[in-house]
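First up is the structure itself, then whatever we jot down about it.
Residue numbers (the UniProt record's numbering): 1 to 388.
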């Protein structure tokens, strides 16, 4: 060891110091060139798409404005997926081992079909990485300071001015511009299946229960009888009696005093719908209190009714339903743009807010009502996200 150290620290008796320095410089330059060329080769679009499972992504990219546009400026794979700075570039290259591992070892994405199956998971990872970097790969080409808002549409200029003021992440609003959006429903629909499994494993034994979806209200314990109303999603009931799979429950809420009084709401003066009641179920109505909404002068009655419902899809805690609805909100409204915080609008304001976006998402009626209920219960005038 001593001899080795002396050999490394003492000048060579055979070669001059200048020769050794030149050799060292040569080795260093060769190493730098090799590393640079390796990065250059591994950063080419041809290299990125050399795996057959990337061909589908490549074909999608070729249909995008990043591949072909009026200005003739093409963004290659690395322009979006790899930072320009050396630390960021090295980190991204090191992180790419996961793709290789999942392609060759786990076989998780080794076919286009498997890639499609995991598209949502993979896309979410990329979006999260872009968010953590404040979309610096996007901003290496697109600078807020360089934008001429007079050449944008009025709506685009309005949104981009707000984004620039907050130095907003590009990926918040611009998902799906180079590749097809994944099926965003896959995540929250799986959440709902897990909710159902949890609810039905509980057996609806708690005194307070919450509905996962719409449920018929019956005047008797016969589920094949006439329905006299509907219990809407994410609504609380109190169990009064049990008979086999049927539950006798009390439902309380608010009704307008004038009119037919069939639509029950969670709050006075707010269109947060809880149930519809009619016939024999409405005949059980008991008035708890009466108040006048000062903003509209409409008289409201706080009432309760009794009805029978089936026991399935009833859970003992509202929070898992809100968690599911929050994921649904992120997967639908946040899929294409930065959706506002639930506390941005009032409970009534969210009705028109969600209706205005209905053409851009694909939800079942029950999913839509659950989402609306979540947004309304976390709205500006119902306490916000921290109150429910």
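Note that beta-carbon positions come from the ideal geometry of N, C-alpha and C, so glycine has one too.
Measure the Cβ-Cβ separation of residue i and residue j and say whether it is below 7 Å.
{"i": "residue 303", "j": "residue 255", "result": "yes"}
{"i": "residue 311", "j": "residue 245", "result": "yes"}
{"i": "residue 257", "j": "residue 265", "result": "no"}
{"i": "residue 77", "j": "residue 51", "result": "no"}
{"i": "residue 347", "j": "residue 316", "result": "no"}
{"i": "residue 247", "j": "residue 309", "result": "yes"}
{"i": "residue 170", "j": "residue 138", "result": "yes"}
{"i": "residue 239", "j": "residue 207", "result": "yes"}
{"i": "residue 234", "j": "residue 332", "result": "no"}
{"i": "residue 192", "j": "residue 324", "result": "yes"}
{"i": "residue 112", "j": "residue 53", "result": "yes"}
{"i": "residue 378", "j": "residue 320", "result": "no"}
{"i": "residue 249", "j": "residue 263", "result": "no"}
{"i": "residue 214", "j": "residue 366", "result": "yes"}
{"i": "residue 391", "j": "residue 178", "result": "Past the edges of the chain, shown from 1 to 388, lies residue 391, and the structure says nothing about it."}
{"i": "residue 60", "j": "residue 180", "result": "yes"}
{"i": "residue 83", "j": "residue 37", "result": "no"}
{"i": "residue 314", "j": "residue 197", "result": "no"}
{"i": "residue 119", "j": "residue 182", "result": "yes"}
{"i": "residue 243", "j": "residue 216", "result": "no"}
How far does the beta strand (DSSP E) with residue i in it reach, from first residue to last?
{"i": "residue 286", "result": "286-292"}
{"i": "residue 351", "result": "Element bounds for residue 351: not the beta strand (DSSP E) but the alpha helix (DSSP H), 349-355."}
{"i": "residue 218", "result": "215-218"}
{"i": "residue 250", "result": "246-256"}
{"i": "residue 15", "result": "Note, residue 15: premise wrong, no beta strand (DSSP E); not H, not E."}
{"i": "residue 231", "result": "227-231"}
{"i": "residue 224", "result": "Counting along the chain, residue 224 falls outside any beta strand (DSSP E), and DSSP gives it neither H nor E."}
{"i": "residue 264", "result": "263-267"}
{"i": "residue 362", "result": "Segment: none, residue 362 is in no beta strand (DSSP E) and carries neither H nor E."}
{"i": "residue 238", "result": "236-243"}
Looking at the secondary structure, which residues open and close the alpha helix (DSSP H) in which residue i lies?
{"i": "residue 81", "result": "77-81"}
{"i": "residue 281", "result": "279-282"}
{"i": "residue 365", "result": "365-377"}
{"i": "residue 207", "result": "First-last for residue 207: undefined, no H or E at that position."}
{"i": "residue 57", "result": "55-62"}
{"i": "residue 45", "result": "45-48"}
For residue i, count neighbouring C-beta atoms within 10 Å of its own C-beta (all shown protein chains included) and say buried if the count is 16 or more, exposed if not.
{"i": "residue 95", "result": "exposed"}
{"i": "residue 340", "result": "exposed"}
{"i": "residue 374", "result": "buried"}
{"i": "residue 372", "result": "buried"}
{"i": "residue 357", "result": "exposed"}
{"i": "residue 210", "result": "buried"}
{"i": "residue 125", "result": "exposed"}
{"i": "residue 57", "result": "buried"}
{"i": "residue 19", "result": "exposed"}
{"i": "residue 109", "result": "buried"}
{"i": "residue 104", "result": "exposed"}
{"i": "residue 272", "result": "buried"}
{"i": "residue 199", "result": "buried"}
{"i": "residue 345", "result": "buried"}
{"i": "residue 282", "result": "buried"}
{"i": "residue 26", "result": "exposed"}
Does the beta carbon of residue i fall short of 6 Å from some heavy atom of the ligand MG?
{"i": "residue 133", "result": "Only the bare structure without any ligand can be found here, which leaves the ligand MG out of the picture."}
Whose C-alpha, out of the options, is nearest the C-alpha of residue i?
{"i": "residue 290", "options": "269, 284, 141", "result": "269"}
{"i": "residue 306", "options": "219, 267, 318", "result": "219"}
{"i": "residue 326", "options": "355, 376, 313, 147", "result": "376"}
{"i": "residue 164", "options": "118, 134, 217, 379", "result": "134"}
{"i": "residue 286", "options": "293, 277, 292, 294", "result": "277"}
{"i": "residue 122", "options": "288, 176, 140", "result": "176"}
{"i": "residue 364", "options": "189, 261, 260, 127", "result": "189"}
{"i": "residue 42", "options": "146, 79, 28", "result": "79"}
{"i": "residue 40", "options": "230, 21, 93, 72", "result": "93"}
{"i": "residue 322", "options": "195, 298, 362", "result": "195"}
{"i": "residue 115", "options": "55, 288, 34", "result": "55"}
If you measure from the beta carbon of residue i to each beta carbon in chain B, is any gap under 7 Å?
{"i": "residue 37", "result": "Here there is only one protein chain, and chain B is not present."}
Output the residue ranges of the alpha helix (DSSP H) runs that lie fully inside the stretch 139-202 and measure 4 residues or longer, sorted by chain position. Within the stretch 139-202, the complete alpha helix (DSSP H) runs of at least 4 residues are 154-165, 185-202.
What are the start and end residues of each continuous beta strand (DSSP E) run of 3 or more residues lying completely inside the stretch 299-329, in chain order? As far as the stretch 299-329 is concerned, its whole beta strand (DSSP E) runs of at least 3 residues are 299-310.
Secondary structure, alpha helix (DSSP H): runs of 4+ residues fully inside the stretch 66-131: Counting only runs of 4 or more, we get 77-81, 86-95, 97-104, 112-117.
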